[in-house]
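Residue numbering for the sequence shown follows our numbering, beginning at 1 and increasing consecutively.
Reviewing the structure listed below.
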Amino acid sequence: MSVLLSIEDLHLNFRTFWGTAYVLDGVNLKINRDEVFGLVGETGCGKSVTSMSILRLLPSNAELSGKIIFEGKNLLELSEKEMREIRGKKISMIFQDPMSSLNPLFKIKTQMVDIIQLHHHIDKEEALKKAKELLKAVNLPDTHRILESYPHQLSGGMRQRIMIAMALSFEPSLLIADEPTTALDVTIQKQILNLILELKEKYHFSVLLITHDLGVVAETCDRVGVMYAGNIVEVADVHELFENPKHPYTQGLLAAIPDPRYKKPLKPLRGNVPSLLNPPKGCRFHPRCDYAKPICKEKKPQLISYSENHAVACHLFSSQGGDIE
Ligand SMILES: Nc1ncnc2c1ncn2[C@@H]1O[C@H](COP(=O)(O)OP(=O)(O)O)[C@@H](O)[C@H]1O
Ligand code: SF4
Ligand SMILES: [Mg+2]
């Protein structure tokens with residue numbers, strides 16, 4: 001499988017009024033062509049800022065270092081002009097709340113035609129034709145009604161389909177979907193995820209699917225990276241991750257999945273994601289880990305290969321330790 005995007009030792013700090021927040025602490029991950037890579041972790045772990053780093057859409061108080069290699073180029077070395085050729089065209093993004101990306105004051109027609117015209121340099125009539133084709137591709141066949149509507153006249157699921165249609169207008173090689181179904185109810189959520197998978201097969205792009213929901217990961221992803229406090233702590237094929245989780249954090253996340261038979265999670269993870277203004281030394285998970293050893297408070301564990309399709313960053317699996325059973 002060939003690699004489409006490779007993130008290497010990515011560090012991101014934010015300078016804030018309260019001091020420096022050490023938000024990404026040496027992130028490493030690879031996304032292959034034609035795969036759905038899931039990035040999962042609790043809120044505040046750094047999933048969204050990872051995707052905003054890929055697109056270089058960070059606020060001015062951000063300091064970013066490392067490498068993001070996409071189709072052979074290090075995105076961190078490109079000029080803003082060169083990034084504009086990548087953003088939205090080769091790498092597209094959809095968000096949790098499509099309302100925040102659509103302009104409430106304009107009809108869908110105006111917004112779609114403008115975007116298509118802006119990048120494709122075609123006339124209005126051709127852009128409108130393309131908009132209709134795209135709406136059909138995302139299973140919105142009633143194109144006339146949709147195009148004549150304002151965003152608030154459509155349901156959340158329809159708005160998300162429109163965002164997907166707009167994201168696909170440039171045939172990107174990577175679609176980043178940040179919690180794309182979190183705001184939708186369960187039935188619509190399934191439809192949108194299935195649509196993304198269907199379009200991926202048809203148009204051959206890779207997907208970086210960001211979610212805090214392991215159920216979504218299980219149904220959608222080929223491989224998964226588990227993120228904790230700015231680090232990738234485990235990466236594996238989806239079946240391997242669910243069958244054979246190694247990192248104590250991953251095990252905790254899986255044990256905390258609510259069982260539909262009970263109202264409460266089976267075993268909630270204790271504690272909270274730490275403040276990144278003063279993150280724990282060594283393994284950032286150590287204050288919440290039942291297996292922590294003295295070395296965990298001192299030395300950061302590196303992400304090392306556990307088996308062919310499985311890597312883990314935990315001292316229990318480095319030369320200092322053994323397996324958890
Ligand atoms: N502009 C910013 N300034 C300071 N801290 C930020 C900023 N944006 C995000 N953060 C911090 O970065 C961390 C990761 O945030 P985020 O990527 O949104 O997490 P997730 O998407 O996993 O929920 C959080 O601690 C958040 O408070
Ligand atoms: S390195 Fe130590 S503290 Fe971190 S997850 Fe492994 S055992 Fe727990
Ligand atoms: Mg987020």
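In this text, a Cβ means the ideal position worked out from N, Cα and C, and glycines have one as well.
Practice task
Please check the pair MET93 and ASP178, which I expect to be a contact at CB under 8 Å, by giving their CB distance rounded to whole angstroms.
Solution key: Numbered from its first residue, the sequence shown carries residue 93 at position 93. Numbered from its first residue, the sequence shown carries residue 178 at position 178. With 8 Å as the limit, MET93 and ASP178 qualify as a contact, their Cβ atoms being about 7 Å apart.
Handout entry: Outcome for ARG284 when other beta-carbon atoms lying within 10 angstroms are tallied against a minimum of 16
Key = Your numbering for residue 284 matches position 284 in the sequence shown. Label assigned to ARG284: buried.
Handout entry: Check whether LEU12 and LEU24 have beta carbons under 9 Å apart
Key = Indexing the sequence shown from 1 puts residue 12 at position 12. Indexing the sequence shown from 1 puts residue 24 at position 24. Going by C-beta atoms, LEU12 is nearer than 9 Å to LEU24.
Problem - Residue from VAL113, ARG56, THR43 with nearest C-alpha to SER275 - result: Against the sequence shown, residue 275 aligns to sequence position 275. The shortest Cα separation from SER275 among VAL113, ARG56, THR43 belongs to THR43.
Problem - Helix, strand or coil at VAL3 according to DSSP, with G and I counted as helix - result: Here residue 3 corresponds to residue number 3 of the sequence shown, with the count starting at 1. Strand, per DSSP.
Practice task
Spatial neighbours of THR50 within its chain, please: CB distance less than 7 Å, with the 5 preceding and 5 following residues excluded, ordered by chain position.
Solution key: Position 50 of the sequence shown, counted from the first residue, corresponds to residue 50. Beyond the five residues adjoining it in sequence on each side, THR50 comes within less than 7 Å, by CB distance, of LEU24, VAL27, LEU39 in the same chain, given in chain order.
Handout entry: Nearest-residue set for ligand 3, Cβ under 7 Å from any heavy atom
Key = My final list is THR43, LYS47, SER48, ASP178, GLU179, ILE210.
Exercise for the section: Please determine, among ASN231, ASP114, HIS310, ILE54, the residue with the shortest C-alpha to C-alpha distance to GLY46. Expected result: If you number the sequence shown from 1, residue 46 lands on position 46. Among ASN231, ASP114, HIS310, ILE54, the Cα nearest to that of GLY46 belongs to ASN231.
Problem - Residue environment, GLY72, which counts as buried when at least 16 other CB atoms sit within 10 Å - result: Numbered from its first residue, the sequence shown carries residue 72 at position 72. The residue in question, GLY72, is exposed, as its Cβ has fewer than 16 Cβ neighbours within 10 Å.
Handout entry: Helix, strand or coil at GLN320 [DSSP, three-state]
Key = Taking the first residue of the sequence shown as 1, we reach residue 320 at position 320. A caution first: GLN320 carries a pLDDT of 44, below 50, which makes its placement in the model unreliable, though a value can still be read off. In this structure, GLN320 counts as coil in the three-state DSSP scheme.
Problem - Straight-line Cα distance separating ILE146 from SER155 - result: As a working note, residue 155 is residue 155 in the sequence shown. As a working note, residue 146 is residue 146 in the sequence shown. Just so you know, the alpha carbons of SER155 and ILE146 end up roughly 11 Å apart.
Exercise for the section: Assign GLY225 to buried or exposed, taking buried as 16 or more other Cβ atoms, counted over all protein chains shown, within 10 Å of its Cβ. Expected result: Taking the first residue of the sequence shown as 1, we reach residue 225 at position 225. Burial of GLY225 is indicated by the presence of at least 16 other C-beta atoms within 10 angstroms of its C-beta.
Exercise for the section: Starting from LYS30, trace the alpha helix (DSSP H) both ways and give me its first and last residue. Expected result: Here residue 30 refers to the residue found at position 30 when the sequence shown is read from its first residue. Careful: LYS30 lies outside any alpha helix (DSSP H), inside the beta strand (DSSP E) at 19-32.
Exercise for the section: Just the C-alpha distance for MET1 and ASP213, rounded to the nearest angstrom, thanks. Expected result: Residue 1 sits at position 1 when you count from the first residue of the sequence shown. Residue 213 sits at position 213 when you count from the first residue of the sequence shown. For MET1 and ASP213, the distance between alpha carbons rounds to 27 Å.
Exercise for the section: Kindly confirm or deny that the stretch 196-212 and the stretch 287-294 touch, where touching means at least three C-beta pairs closer than 8 Å. Expected result: No, they do not touch.
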